[in-house]
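Beneath this line is the structure, given in structure tokens, with notes to follow.
In my numbering, the protein residues as written are 80 to 398.
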């Protein structure tokens, strides 16, 4: 999981089993929260970043694999129900939330090269000239320090274990000078651009939570787990139509009108919504939607869109 600053805590080390996670996420959104919520359990971590009540992103990490968006939240719910774990919530300014987004999902301009092999002065000058929003992080196996950037200029500094965001670069310079120190630089878009996306408006948290509870707490017979045929018997035509509409809404959020058209075209070409009841057909449908989406706009967050669709399908077919 990404290394995020732990300054200004709102809650720390709260037993996840004692709270209702979707209620917490909804309250953070309704309260205009800015900062991040993290969850830690054995071999699993989750982070959701907020700015002014909007959930900019969600990222989970398990066994070295990252998931984002809908799928990350679904995995969070599953893990909370199965193993408990701990919740932490940290406040931030909106500018630092942008930097946290860069740390969590932003592209790496430099990704772990040794400091001595990088022209740091030249790189920092380039960040200034390009008006970069993001983070420069220097680290060793034992130490870590970050410089937060807005519009190409430093706005704060943080070192591992600190309780506040600092105004001096001394710690960062000290760690950068350590033998074998490495550097990573990540960037992201502006706050205004990021806030056009709100994961809370795209996810039915309560439904996702109930689906997780059913999957992980209710006894299941062989007939229930056998195959898509049993799912078909339980899923009405109306639910399938609602599912198709949900998938079209997700696609339109990423690709505008073209997204809805792609979903509708691929649904019609293979016999309608019932194809979503069969695992092989679902896989083919999503693969074709992904290919169409890449042809439409290769710079859109297509992987995240497909993850959202997978989670929506799972949630709809589970109830």
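Quick reminder that beta carbons are idealized off the backbone N, C-alpha and C, glycines included.
- With 16 or more other Cβ atoms inside 10 Å of its own Cβ, residue 84 counts as buried.
- Per DSSP, the unbroken beta strand (DSSP E) holding residue 225 starts and ends at 223-229.
- One alpha carbon belongs to residue 126, the other to residue 251, and they sit about 24 Å apart.
- If the five residues before and after residue 324 are omitted, its C-beta is found closer than 6 Å to no C-beta atom of its own chain.
- Between residue 91 and residue 167, the beta carbon gap of about 5 Å places them in contact (Cβ cut-off 8 Å).
- In the three-state scheme derived from DSSP, where H, G and I count as helix and E and B as strand, residue 246 is classed as coil.
- Positions of the alpha helix (DSSP H) runs, each at least 4 residues long and wholly inside the segment 160-237, are given as 173-184 and 199-209 in order along the chain.
- Per DSSP, residue 129 is one residue of the beta strand (DSSP E) stretching across 123-130.
- Residue 169 has its alpha-carbon roughly 14 Å from the corresponding atom of residue 106.
- Each residue's CA atom was taken as its position, placing residue 270 and residue 331 some 22 Å apart.
- Within the DSSP secondary-structure output, residue 138 pairs in a beta bridge with 126 and 147.
- DSSP, reduced to helix, strand and coil, places residue 113 outside both helices and strands of the structure shown, so it counts as coil.
- Segment contact: the segment 144-158 against the segment 205-224, fewer than three CB-CB distances shorter than 8 Å; contact not assigned.
- With fewer than 16 other beta carbons inside 10 angstroms of its own, residue 258 counts as exposed.
- Distances from the CA of residue 136 to each of 267, 253 and 110 were compared; the closest alpha carbon is that of 267.
- Spanning the alpha carbons of residue 348 and residue 237 requires a straight line of approximately 54 Å.
- Cβ-Cβ distances below 6 Å link residue 248 to 236 in the same chain, with the five nearest sequence neighbours on each side left out; the list follows chain order.
- Collapsing the DSSP output to three states places residue 101 in a helix.
- Between the segment 183-193 and the segment 97-112 there are fewer than three C-beta pairs closer than 8 Å, too few to call the two in contact.
- Secondary structure of residue 270 (DSSP, three-state): helix.
- Collapsing the DSSP output to three states places residue 282 in coil.
- Straight through space, the alpha carbons of residue 87 and residue 242 are spaced by roughly 7 Å.
- Check the Cα spacing between residue 97 and each of 160, 256, 283 and 231: the tightest is with 160.
- Take the alpha-carbon of residue 353 and the one of residue 368: they are about 16 Å apart.
- Ranked by how close their Cα comes to the Cα of residue 121, the residues 143, 103 and 351 have 143 in first place.
- Counting only residues of its own chain and dropping the five nearest sequence neighbours on each side, residue 93 has a CB closer than 6 Å to the CB of 166.
- Exposed is the label assigned to residue 378, since fewer than 16 other Cβ atoms lie within 10 Å of its Cβ.
- Shown here, residue 90 sits in a strand according to DSSP, grouped into three states.
- Residue 276: not part of any alpha helix (DSSP H); DSSP gives it neither H nor E.
- Take the alpha-carbon of residue 264 and the one of residue 293: they are about 42 Å apart.
- Rounded to the nearest whole angstrom, the C-alpha separation of residue 340 and residue 222 is 50 Å.
- For residue 207, the CB contacts under 8 Å within the same chain, skipping 5 residues up- and downstream, are 231 and 232 in chain order.
- For residue 96, no alpha helix (DSSP H) segment is defined, and its DSSP state is neither H nor E.
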